[in-house]
Amino acid sequence: MSFPLLTATAALPAIGAIVTAAVPAAQRTVAKWVALFFSLGTLVLAGVVFARFEPGGDRYQLTESRAWIADFGVRYELGVDGIGVALIGLTALLIPFVIAAGWHDADPLETKSSRWRPTQGFFALILMVEAMVVLSFLATDVFLFYILFEAMLIPMYFLIGGFGDRAHAGSDENAAKQRSYAAVKFLLYNLAGGLIMLAAVIGLYVVAGTFSLSEIVEARANGTLEMATSTERWLFLGFFFAFAIKAPLWPLHTWLPNAMGEATAPVAVLITAIVDKVGTFAMLRFCLGLFPEASKWATPVVIALALVSIVYGALLAVGQRDIKRLIAYASISHFGFIILGIFAMTSQGQSGATLYMVNHGISTAALLLVAGFLITRRGSRLIADYGGVQKVAPVLAGTFLIGGLATLSLPGLAPFVSEFLVLVGTFSAYPVAGIIATSGIVLAAIYVLVLYQRTMTGPVNEAVRTMPDLKARELVVAVPLIALLLFLGVFPKPLTEVVNPAVEHTMSDVQKKDPQPEVEAAK
Amino acid sequence: MSATAVHSLWTTASGVTSAAPGDRFTAPTIEYAQLAPVLIIVGAAVLGVLAEAFVPRKARYHTQLLLTVVALAAAFAAVVALAAGGYGTTKAQIAAMGAIAIDGPTLFLQGTILLVSVVSVFTFAERRLDPTAHGNRVDSFAAQAGTVPGSESEKAAVRAGFTTTEVFPLVLFSVAGMLVFPAANDLLTLFIALEVFSLPLYLLCAVARRKRLMSQEAAVKYFLLGAFSSAFLLFGIALLYGYAGSLSYATIANVVDGSVLEIDPALAGTMGNDALLLIGGAMILTGLLFKVGAVPFHMWTPDVYQGAPTPVTGFMAAATKVAAFGALLRLLYVVLPGLTWDLRPVLWAVAIITMLGGAVVAITQTDIKRLLAYSSIAHAGFILAGVIATSPEGVSSVLFYLGAYSFVTVGAFAVVTLVRDAGGEATHLSKWAGLGRRSPLVAAVFAVFLLAFAGIPLTSGFSGKFAVFKAAAESGAGALVVVGVISSAIAAFFYIRVIVLMFFSEPKADGPTVAVPSPLTMTTIAVGVAVTLVLGLAPQYFLDLAGQAGVFVR
Amino acid sequence: MNPVNYLYLAALLFAIGASGVLIRRNVIVLFMCIELMLNACNLALVTFSRMHGNLDGQIVAFFTMVVAAAEVVVGLAIIVSLFRSRHSASVDDASLMKL
Amino acid sequence: MENLIALLVAAPLLGAAVLLCGGRRLDRAGHWLGTVLAAASFVVGVVLFADMLGKGAEDRALHQHLFSWIPVEGFQADIAFQLDQLSMTFVLLITGVGTLIHIYSIGYMEHDERRRRFFGYLNLFLAAMLILVIADNYLLLYVGWEGVGLASYLLIGFWQHKPSAASAAKKAFLVNRVGDMGLSIAIMLMFTTFGTFAFGPVLESTGETSEGKLTAIGLMLLLAACGKSAQVPLQSWLGDAMEGPTPVSALIHAATMVTAGVYLIVRSGAIFNGAPDAQLVVAIVGAVTLIFGAIVGCAKDDIKKALAGSTMSQIGYMILAAGLGPIGYIFAIMHLVTHGFFKAGLFLGAGSVMHGMNDEVDMRKYGGLRKYMPVTFITFGLGYLAIIGFPGLSGFFSKDKIIEAAFAKGGTEGWILGSVALLGAAITAFYMTRVMLMTFFGEKRWQPDAEGHEPHPHESPKSMTIPMIVLAVGSVFAGGFFAIGDRFVNWLEPVTGYEHGHSPLSVATVTGATVVALVIGVGIAWAMYGRKPVPVLAPRGSLLTRAARRDLLQDDFNHVVLVRGGEHLTRSLVYVDHSLVDGVVNGTAASVGGLSGRLRKLQNGYARSYAVSMFGGAAVVIAATLLMRAV
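What follows is the structure, encoded as structure tokens:
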């Protein structure tokens, strides 16, 4: 039994969470540094995983398998494929930035009760989320995945409901009410999805008699496991429903704007850049892997919904008055692209979707965190409260602009690569869908540029006249992310290398071939 | 053998055959060893009564406590010994001339009941929560239950430092009944056991120290409705007896599945008359469903849970459910398996409306104890889903669920006893606002229990729910599972509401204080948390246990 | 005379008792109705016992009486304490807890 | 040699990076750095050019493969450059004119505290533009395509504190995005058709697919070109783009970026040759735009807007030529280059005028400036002569060729296109003369501005005049140099292919016609603005004039239909999202709550009612059980 690298990668942040929580109330700064330290440690371990992973090798690597709950046919089974590696990398990479960005978000306003330790709690919860997310990317046992899928809601719930923007437009208890509404909505929405999925999970066990992903996929492949068409479809729907809520796919998206609007920027990043990716990841790994036929059966509807998400989300983003809600709707649009790429079922589409998950994570993080810096300065989320920031805080404006350009997937920045792959992949399988989706790039330009114009340009708004430019800590957050966006935009090879083989596996799961180009087909 | 054995136990052996002279008398054989748990408890209870009579008042509390805990521990040891001796599996047998079945379910449930009793007895004995009255430590029970609330005599009793130490023997009697209830192997024993554990509970409900009017009201309601339901049960017993001509489960079962060939033509009207069987079975079912608190026999639950002294509520909520479901299981699996197909639709309906009803009504509750009462109703529904899965997996899943659930319940109610204001326990939800700010630890613990109730993964609640739903699904009750998950989603809402209240809302100025309990209550809560997490993270061992215990002896 | 008639009688008594429980307000009367139901059960048991020609039913009847007695003890204790604190024997007055 | 190609891009890119990330410490030397790097790129270009001339026509094309960009199953996108004669032409134009304008900007932007950033953006633009023209596949071209869009966005909105500038920048980017949509769809079509989008394979295998596919691709490419080159219907942004500093207008919105569309179409010649319908549409779009732009140019009083209109119209000529197929491609490029010279010169001249007139842009407030700024007058004048196609100057040769080619298209459309081109020439002569007269002739019409500052017209500094002179020289001689002995044709022919069009009219006739049109145009202009003094306040003017002043109402249309419509759409969607989509969810929650409230009432506290429910329950259970057996 070699060193359980994957377990370690997931366990480290969990330990970090406990340690952070244990830091005495007075030593807030210590807690922050501890959290940061552990998150960086996790990043290192993730790096090791990335290095140890051989793109050409087995489908699941560094596997671990231990007995867990025999009665439920559950084993503690871990393993990474290319997609998992990419997403673990993303998670481990973003968390340190999230922590650094949220450095002061959880400082208690007044230190009245010595036992109430929000700071420790905040960072402990973030690390706990990281641990669960990482493990869910690693789980190759459906039950294990399900448990984490559900369990990660709880820390997220406390992060959303417990820690809001410092200065919020409107009275304080009103803000608190808004916040807990958003938190409850988030939890119930996702819990409902999870419970529907639970029924499907149980159903799957009844049908398959095991929870081991690889076993089931193999059994499906070599026909030892027959699934009645209707059964497969029901189970697929059970799974997909949960993932579609998490992703979020129209019309199950309404929890996201509330949650992202009310949560602090770092937590919003946690939601949209990391936790929601579990949904799309699971579509790719579980929906397509376990129920290929049903997936193909559902494709038209799913693609339609994805297209609606793309256009609808973008249009609503244009209509928003609140910076964070705008970004939230933009994310809905982007998740539409991801799902589109997954269900187009072409290698370009799926590679694109996987890259999209990573790139969207980074770009949204960049945009949202900078937006967070802006909001904490002015103490308002309303676009109308800004104007001419570019004149007083050029660096802030610049980073914000780059984040925005990444969001509208300007060529040369990472998101362009993935978005174009998704579009091409979709177009080659479903031309009309591809064209409709392409309209998304115009809409994206509208909401990004309008946002930038209203906040950053024009005459300087009195309220922002004294606004300071980015501080060192904030630069440390913003600059690396931007650098990464540029690098991956020009040289995405390191990612595509690990992703491609995984995608080929998925393609073979669903027994799909890429459509041949007309000319070659002719030859 | 047991068919004849039954009445040979109650009558002299020759009762039926011919008027025989007394010298034919043969003493019934009693397997004392296998009955040890029950006997220990009963004995201790009797001792407790004597202690009430003879031990000086000052020493009573400690004597009783010691006696009770020791007795329960000893009984538990006996259960463990029996299980280790293989009585749960290979040597499972009918004891006491067919009156008692010693088998897996019996031992598992008895063990559970005993453990739960121990921890809840700790909360009974808690004396640090209330400020001392006239220099006397006081617990949650009236100084003198007989005195009129607010009367001079009551004040006098308080001044004199009286305490109702009778609760301990009462608990013991009740426990004794509960131990027998799931083990009962004939209808008479079933009825007696039911009464034996119910009557003390009626009394226990009445002896709260604060809010005595509510306490008495709870007692009256519980008593009247309980008696009412036991009348139904008894009539059902009568009809079944009329149907089978015997009280023994085994005989009845034989008659039900028609393996008894010779039927006296004279009895053609009754013997094997399915009307009798169906009505009787239905009425017994009614009686048991009342005890488990299934809709529509649940109406007593909220009021009684709210009115009874919180320690009693915890004990009742946990132990009664265990015992009652044990009896229900045995009835359905041993006596009426031939009837399963007739009862199934009814049970389905009951399970569904219980799950949904409990969850839905709980949403608008404003009192934490009532809220937990409704949640217990919803949980009864979930367990019923497992009961309906007529399969060994079904049995073991129910056993596991009961074990998991009972500890969470006791722990939750123990936490409720801690949150107090001037008027005693502050059970109104509005008072719990901002508890998380005041005392994060207590709030966190309670949150853990709530999440377990909600069936969030990594808690025992989830393992249990999963086991039950899985069993149900495997036995083709997929629809039940779907309803189950829907109602869990609804239920999640109000558990979450409490958490929101505790953590995300500002504490009120006149909010309650959280009393620091003695090690007794601390143990209760600690055990509750520990079991919740262990069964959530690594339930395998206990699942195995329940798995082995999944077979009934006939 | 056909013993079945006794069964009908028993059923009738049970029904009367039950309806009494549902109709009457006075706790004592209500309790008496429950006793009536129990006795109906006894009658049924005895009848069956007679029909089957074994004594089980009658024995149960004895037990029932004992149980009934015990119920009276407990019940009256509770009822009396309630009566003393409320000066009312109406079960409907005991409705502090609702909803 | 080919390893030098990357250097072309690298130099300005480096400049952009350093200048934009460098921070304030570079404020003092920043503009020099930027200029030097632009010049360096130009030098590299020249070196490569020399090398290219040294080779035979066939093996002139250079190719440099840097690395594989997006390697995905069945999808190959590379960062690779290709430098053939066509690209080389653009490289020289871009870097050459670019360098000049860098120098010009040193003086022009002297008093702007954000000059460093300005040069950063200029370098960024050069880099992107060079990527656009030397990319060896459409995807990389797309990168440059959007890159210049970004640079143009940043530079138009350079004076961001002016809301007009900010919104003009946004408008430019958005309209371009619509075009980009076309380009990306075209690329997708190529991928599904040819399995690749590298120039070589695609353009060689056009014969193997259906004409329909090619037409689709062609039209999508045209859409892209319309966006970038401000052709109808996507021309609306160019006028507003004049909000940017004048050097920007000169470089991006006259000489280089806006001509990218022409490059795209000529580059994709093989596709259009295979899709005559698409080709015809191209020609038509070009014809329409050249009239449209000319008309707008006639009505504007803002000197830059007038020039913008003329740019639009001149590019219309190029697109028209490109739409003529092999007979036109080369002349499109040729006009593009000459236009690059004289239009840049004209803009720099305009900038110089504004510089001297406190940034006054209204020509009605100029007048008689020739005395005050002679150099500007002469250079501007030469540019003017060139653009109206005064015989012997650049414009004459290039435009004349296009008109010939238009007639040579043959058939009715040949006649129509040809005559439209001729008409355009006349109008061009008119509005350019108008500009000339209003600005430099007549008596002075300028008054003190709001603060009572009397403008003191003066000649601009050397750093500004020198580039103007150089460009003037270019605009005088370039055309002749290219045309004599078909130099330009021979140079590009290997890349774009060339057929000599046989026009129904003799060359002499066409030339004559052109000259006549020219004279008419100038005559009318003289009659209107030369003889009698120009009113300071614009007369109300005819319906057409007023429409033309508003860009022929195209903006109003956009505003009403697109902007307003869009606003209504989004607002209603926000409502839908809140009350319908979310309403369903909240509604469910609410209804469950209500149900709970009602069921709760059953728990009325009366023991007897509880008994009733038990009794009823029991009855139901019994009944149901019996029923089960019965059925």
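From first to last, the protein sequence lines stand for chains A, B, C and D.
Here the first sequence stands for residues 1 to 523, numbered as in the working numbering.
Here the second sequence stands for residues 1 to 554, numbered as in the working numbering.
Here the third sequence stands for residues 1 to 99, numbered as in the working numbering.
Here the fourth sequence stands for residues 1 to 631, numbered as in the working numbering.
For each residue, glycine too, the CB sits at the ideal point set by N, CA and C.
Inter-residue spacing [alpha-carbon to alpha-carbon] between residue i and residue j
| i | j | result |
| --- | --- | --- |
| D301 of chain D | T256 of chain D | 25 Å |
| V49 of chain A | C21 of chain D | 34 Å |
| D551 of chain D | S236 of chain D | 8 Å |
| F75 of chain D | L83 of chain D | 24 Å |
| S18 of chain B | G57 of chain C | Confidence is the limiting factor: at S18 of chain B the pLDDT is only 49, short of 50, which leaves the residue's position unreliable and the question unanswerable from this model. |
| A268 of chain A | A259 of chain A | 7 Å |
| A298 of chain A | M132 of chain A | 29 Å |
| Q453 of chain A | L19 of chain D | 23 Å |
| D556 of chain D | T289 of chain D | 18 Å |
| F123 of chain A | A172 of chain D | 44 Å |
| H168 of chain A | D105 of chain A | Caution applies to H168 of chain A, whose pLDDT of 47 falls short of 50 and renders its modelled position unreliable; the value that the coordinates give is listed next. Approximately 13 Å between the Cα atoms of the pair. |
| I315 of chain D | I5 of chain D | 28 Å |
| L36 of chain A | V129 of chain A | 14 Å |
Among the options, nearest to residue i - alpha-carbon criterion
| i | options | result |
| --- | --- | --- |
| V49 of chain B | B:D342, B:V121, B:V167 and B:L239 | B:V167 |
| L560 of chain B | B:F228, B:L285, B:P149 and B:R370 | Residue coverage of chain B in this structure runs from 1 to 554, which leaves residue 560 of chain B outside it and unanswerable. |
| G550 of chain B | B:G88, B:V46 and B:Q64 | B:G88 |
| L132 of chain D | D:M363, D:F331, D:L86 and D:W159 | D:L86 |
Anticipated Cβ contact below 8 Å, residue i with residue j, distance rounded
| i | j | result |
| --- | --- | --- |
| G367 of chain D | G442 of chain D | 5 Å |
| S313 of chain D | A294 of chain D | 4 Å |
| L421 of chain A | L355 of chain A | 7 Å |
Where the beta strand (DSSP E) containing residue i begins and where it ends
| i | result |
| --- | --- |
| H65 of chain D | L62 to V72 |
| R573 of chain B | Here chain B comprises residues numbered 1 to 554, so residue 573 of chain B is not present and cannot be evaluated. |
| I69 of chain A | Q61 to I69 |
| L413 of chain A | Careful: L413 of chain A lies outside any beta strand (DSSP E) and carries neither H nor E. |
Closer than 8 Å at the beta carbon, the chain F residues around residue i
| i | result |
| --- | --- |
| A166 of chain D | This model lacks chain F altogether; the protein chains it does include are A, B, C and D. |
Residue i vs residue j beta-carbon contact at 7 Å
| i | j | result |
| --- | --- | --- |
| L124 of chain D | V9 of chain D | no |
| L369 of chain A | V477 of chain A | yes |
| Q178 of chain A | E262 of chain A | yes |
| Q120 of chain A | T264 of chain A | no |
| G464 of chain B | F453 of chain B | no |
| V42 of chain B | A176 of chain B | yes |
| D509 of chain A | P292 of chain A | yes |
| I387 of chain D | M432 of chain D | yes |
| V207 of chain B | F290 of chain B | no |
Extent of the continuous alpha helix (DSSP H) run through residue i
| i | result |
| --- | --- |
| S230 of chain B | R212 to A244 |
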